[in-house]
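Engineer: For the sequence shown, the working numbering gives the first residue as 204, with consecutive numbering after it.
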Amino acid sequence: MQPGEMKGLFLSRMWTILAVLTLATQHVTGKTLKYQVHEEQKVGTVIARLRDDVADVLAKLPSSVSLRFRAMQRGSSSFLAVREQDGEISIRTKIDREKLCEKNLNCSIQFDVLTLPTEHLQLFHVEVEVLDINDNAPQFARAVIPIEISESAAVGARIPLDSATDPDVGENSLYTYALETNNFFKIDIQSRTDGAKYAELVVLRELDREVRSGYELQYTASDRGVPSRTGSTLLKISVADSNDNSPIFDMSSYVISLPENAPVGTLLIDLNATDADDGTNAKIIYSFSSHVSPKIMETFKMNPDSGRLTLIRRVDYETVSSYDIDVQAQDMGPNSMPAHCKILVKVVDVNDNKPDISINLMSSQGNGDAAYISEASPLDTFVALVRVEDLDSGLNGEVECKLHGQGYFKLQKSYENNYMILTNVSLDREKRSEFSLTVVAEDRGTASLSTVKHFTVHVTDENDNTPRFEKGQYEIFKSENNAPGAYLTSIMATDPDLDANGQVSYSILENSVHGSSISTYVTIDPSNGAIYALRTFDREDVSRISFVVQAKDAGKPLLLSNATVILNILDENDNSPVIVVPQLWNFTADVPASKFTEAGQLVTVVRATDRDTGVNAELICSLVSGNEEGFFIIDPRTCEIHANASLENFPREHAELTVMVRDHGRESLSAKAAIKITLYENMNHVQVMDQGESSFDTSLIIIISLAAICTVLLVIMVVFAARCNREKKDTRHSYNCRVAESTHQHHPKKPSRQIHKGDITLVPTVNGTLPIRAHHRSPSATPPMDRAQMGSRQNHHSRQSLNSLVTISSNHIPESFALELAHATPPVEGQYQPRPSFRGNKYSRSYRYALQDMDKFSLKDSGRGDSEAGDSDCDMGRESPVDRLLLGEGFSDLIHLEMHHRLHPVAAQPSATIGAQFLR
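1. So, does the segment 734–744 touch the segment 704–724, judging by three or more C-beta pairs under 8 Å?
2. With A258 as the anchor, note down where its alpha helix (DSSP H) starts and where it stops.
3. Is L470 buried or exposed, if buried means 16 or more other CB atoms sit within 10 Å of its CB?
4. Taking only the alpha-carbon atoms, compute the straight-line gap between K605 and A644 and give it to the nearest angstrom.
5. Could you pull out every unbroken beta strand (DSSP E) segment of at least 3 residues lying fully inside the segment 372–415, listed in chain order?
6. If contacts are defined as beta-carbon pairs under 8 Å, then F282 and T296 qualify, I think. What distance do you get, rounded to the angstrom?
7. In whole angstroms, what is the alpha-carbon distance linking K875 and E821?
8. Indicate the three-state DSSP secondary structure (helix, strand or coil) for F234 in the structure shown.
9. Could I get the ranges of all uninterrupted alpha helix (DSSP H) runs contained in the segment 852–878, with 4 residues as the minimum, in chain order?
10. Is R511 helix, strand or coil by DSSP?
11. Flag this pair as touching only if the segment 452–466 and the segment 364–372 have three or more C-beta atom pairs under 8 Å; answer yes or no.
12. DSSP three-state label for S983, please.
13. Just reading off the beta strand (DSSP E) that E419 is part of, what are its end residues?
14. I'd like the span of the beta strand (DSSP E) that includes L763, first residue to last.
15. Sorted by chain position, which residues of the same chain lie with C-beta nearer than 6 Å to R300's C-beta, five sequence neighbours on each side aside?
16. So the candidates are A766, P760 and V808; which of them puts its Cα closest to the Cα of N782?
17. S722 by DSSP, collapsed to three states: which one?
18. Rounding to the nearest angstrom, what Cα-Cα distance links I440 and S416 in this structure?
19. Could you pull the DSSP bridge partners for Q615 from this structure?
20. Can you tell which of E619, G608 and H657 has the C-alpha that lies nearest to the C-alpha of E330?
21. Going by beta-carbon coordinates alone, are I727 and V752 separated by less than 8 Å?
22. Flag this pair as yes or no: are the beta carbons of S316 and V285 separated by less than 8 Å?
23. Comparing alpha-carbon positions, which option in S445, D552 and S693 lies nearest P190?
24. Looking at the structure shown, is I907 part of a helix, part of a strand, or coil, going by DSSP?
25. Go through its chain and collect everything with a Cβ distance to I515's Cβ below 8 Å, but skip five positions before and after it.
26. For P837 versus E831, is the C-beta spacing smaller than 8 Å?
27. Across the segment 422–442 and the segment 368–387, are there enough close Cβ pairs to call them in contact, namely three or more that are closer than 8 Å?
28. Is it buried or exposed, R869, if we count other Cβ atoms within 10 angstroms and call 16 or more buried?
29. Where G1091 and T791 are concerned, what is the direct C-alpha to C-alpha distance, given to the nearest angstrom?
30. Rounded to whole angstroms, what is the Cα-Cα separation between M1079 and L909?
31. Counting pairs of beta carbons, one from the segment 570–582 and one from the segment 628–639, are three or more of them closer than 8 Å?
32. Indicate the three-state DSSP secondary structure (helix, strand or coil) for K1059 in the structure shown.
33. Which value, in whole angstroms, describes the spacing of the CA atoms of K634 and D664?
34. According to the Cβ coordinates, are A911 and A848 closer than 8 Å?
35. Could you check where the beta strand (DSSP E) with T502 kicks off and where it finishes?
36. What are the residues that DSSP puts in a beta bridge with N668?
Pasting the structure below:
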């Protein structure tokens, strides 16, 4: 690698960051970054890393934001690549400055870089200047340049030479010319108006054709690059015989202004040259010099006879702003010496170029003709980058840019001729989903020119709308006894969002109806909101069902709304009337009545209920049979049965009426009952009690009886405790269960057992006589009482109190043990003393086992085997086992017998028999 190339590679990595412009807006800042890179660098060469170079700007953004860099490519920016992660700028394809910019001194690649996401948009304008390296040597168009000079040419005569070309610029461009050393010629280096250098051959001595007819000299062009490059050609000079006078131009140079819109054929100048000779030696021919570039010959035409210079091709100021034309005039004589002059054609700019508009859209859909922006974007969200250019100069190149965005968007200048299109208001796709924007660029020329460009902005959907029901509450009605799966109604929620954001599904929120899940009553189709019944409804069980339907979309995040549905179950006549008064047994009721009831007096009342509602529950009563004689009449509304005539004349003691109660339903339902009316001559012995009074009397009797039982039980327990204490003091005169037990504690065959108070069971006695139930296997059990005798005794004493409550449970008395106990038996030291059977000196096994079940009735015990004064088996507020025994085995039956005796004295004898059976 040559030293110059090493220097170029080194310089390519030395770039300078220049912040030349900062744009201060609310959301977006702009910055221009300038870098330099030499041409011909390797692909992949890193030019800059934006994340490091704009760290001061990025530091103002939230640290949690993951920024990306995106290049907005245009034109020559395809030579470079920008990495999204850190904004690294590198060479994508090899850059040849001469192809990119030709001879322009300023050659740069310009593009814009955005930072994403757009919520933290930053705009950077990047200019990468491509520096020239000396990779081209000066070249001549001809390898040999022939020159003919008359031997009579004066010393100092000048002949223009061909110029060399060098595509490089600056110091690497053509710098100077050199001529091989000789004594007759030299070169004089001149500069044109555009700075280009050319050489003229100057005669130093008089020439003599007869001495030397020709010269061959090396003509060299060189640049100032490092290292320097050169190009050469051969000057082949021929010395011709003399022609005394040469043509002479009026002026050695001319300057012409040519408007760039000049039409083809325009006359630029009419040249005039004179020659002092006569005849053929004075006839002048005009032509371009031999070294004139082909571009000049393609654009202009020289008339060889008249010297008129005309335009044969339109010029463009933006392409070439001036032309240097070398013209020569030569006579027709032998060995003529041409005369030379220069014509500088300056192209004058006119406003002939419309502004150019370049739009880089913020597109996420891969469609370059439209921009896409979310409806959730905040104000001043970046939409597009606009660049306007006008190739004209001066006012003709000054461009004003406007945006017709209907107020939804605005145009904001960032730098030079670059603009940003930003949102001006909040967008709502549901109101408007598409905008057509127009960008207008107009220059300030005298006849202004303008350019219009259109593009479309599509507003993308966001899930910003919740599903909306038409009403917050729906009320529907459905008759009961429907079929499972019956359609009830449909409710619909609308969501104006698109796709999944507007896809609504329905569900019923969980709740309970009478202890059952709502999902067992109704269901809803998730796709269309149709509600169906899952069971047959019964209005009498559930008359109203309220549930919540939830509609939710499929967006992220999903949105939802609720609506309440109230289902009213309509009644159908599906329940028959039920007669509740009087109380029926097998659809029959017995009703007592006085035989002396007069016409119009109330006999009885029928009461009925119907679980239906409305007309389905409106009841009417009628007598359908049993009233053929017409002694009774019923009110159809109140269902009161009155005597239609005096019942004293009724031919029988009983009347059996059939009462029908029916409703007013469309398909009427009815109930029937047989009312047996018994006529009594003396109603004083018939106590008719309504349900409330009977309940009151029975409750009062039960309360009084329980209190009496608890009191008697308490007295017995106190007496029993005192007897046990007395037996401890004197065991010789009385039987003590503790002593008896202790005497057998060491019996060799049977284990000892301690007798507890709980081993005693209390049972009722009537009139002091205890009915003893012997063990079913005991041959010595007391014989049962005669049924008639028992009935007579029961009838006689049915109204007396229960007065004795002590016995040992006969269920556990063994065969060898008989217990006899009566009210007349004298007490032993204040206690009732049982007489056990002994086998030798011990208790029988069955007796001891019989005592085991007696603890279950004791609620409190001292734990020492005897009862203390504070122990009580009848706590207030607790149900005693004795109470349960009394109530369960006979007390309620005794009360029933008593009441029955009061109401029906005639049937006293059968009641006594029932009482006797009960006592057995």
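For every residue, glycine included, the Cβ atom is placed at its ideal position computed from N, Cα and C. Owing to the predicted nature of the structure, the values given are computational and were not obtained by experimental measurement.
Structural biologist: This is what the structure gives:
1. Taking a cut-off of 8 Å on C-beta distances, the segment 734–744 touches the segment 704–724, as three or more cross pairs fall below it.
2. Judged by DSSP secondary structure, A258 falls within the alpha helix (DSSP H) whose first and last residues are A258 to L261.
3. Burial call: exposed.
4. Whole-angstrom Cα-Cα distance: 6 Å.
5. Counting only runs of 3 or more, we get 377–382, 388–394 and 400–406.
6. Indeed they touch by this definition, with Cβ atoms about 6 Å apart.
7. Taken atom to atom, the span from the alpha-carbon of K875 to that of E821 is near 16 Å.
8. Phe is not the amino acid found at residue 234; the sequence shown has Lys there. Three-state DSSP puts K234 in a strand.
9. Within the segment 852–878, no complete alpha helix (DSSP H) run reaches 4 residues.
10. In the displayed model, R511 falls within a strand according to three-state DSSP.
11. No: the two stretches stay apart, fewer than three of their Cβ pairs being nearer than 8 Å.
12. Unreliable placement is indicated for S983, whose pLDDT of 36 sits below 50; no coordinate value is reported for it.
13. Note, E419: beta strand (DSSP E), G417 to D426.
14. Bounds of the beta strand (DSSP E) holding L763 are L763 to L773.
15. Excluding sequence neighbours, R300 sits near E242, C310, V333 and D335.
16. First, the amino acid is wrong: residue 782 is Ile here, not Asn. Ranking A766, P760 and V808 by Cα distance to I782 puts V808 first.
17. Three-state result, S722: helix.
18. One C-alpha to the other measures close to 9 Å.
19. Note: Q615 sits in a beta bridge opposite M623.
20. Of E619, G608 and H657, the residue nearest in Cα terms is E619.
21. Contact: yes.
22. Looking at the sequence provided, one finds Val at residue 316 rather than Ser. Less than 8 Å separates the beta-carbon of V316 from that of V285.
23. Here the chain has residues from 204 to 1123 only, and residue 190 is not among them.
24. Three-state DSSP puts I907 in a helix.
25. Residues V467, G468, E501, T502, F503 and K504 of the same chain have their beta carbon placed closer than 8 Å to that of I515, with the five preceding and five following residues left out of the count.
26. Here residue 837 turns out to be Ile, not Pro, going by the sequence shown. With respect to the 8 Å criterion, I837 and E831 are not classified as neighbours on the basis of their beta carbons.
27. The segment 422–442, when compared against the segment 368–387, does touch it at the 8 Å Cβ threshold.
28. Taking a 10 Å sphere around the C-beta of R869, we find fewer than 16 other C-beta atoms and assign the residue as exposed.
29. Summary for G1091: the model assigns pLDDT 39, below 50, so the residue's position carries little reliability; its value from the coordinates is reported in the next sentence. Approximately 29 Å between the Cα atoms of the pair.
30. Low per-residue confidence applies at M1079: pLDDT is 38, beneath 50, and the placement is therefore not dependable, though the value from the model is reported in the following sentence. Between M1079 and L909, the C-alpha separation is close to 11 Å.
31. Touching, per the Cβ criterion.
32. The pLDDT assigned to K1059 is 38, lower than 50, so where the model puts this residue is not dependable; a value taken from the coordinates is nonetheless given after this. When secondary structure is reduced to three states using DSSP, K1059 falls in the helix class.
33. Whole-angstrom Cα-Cα distance: 11 Å.
34. When the beta-carbon positions are compared, A911 and A848 stay at least 8 Å from each other.
35. Segment P497 to T502 is the alpha helix (DSSP H) holding T502; no beta strand (DSSP E) there.
36. Paired residue(s): none; N668 is not in a bridge.
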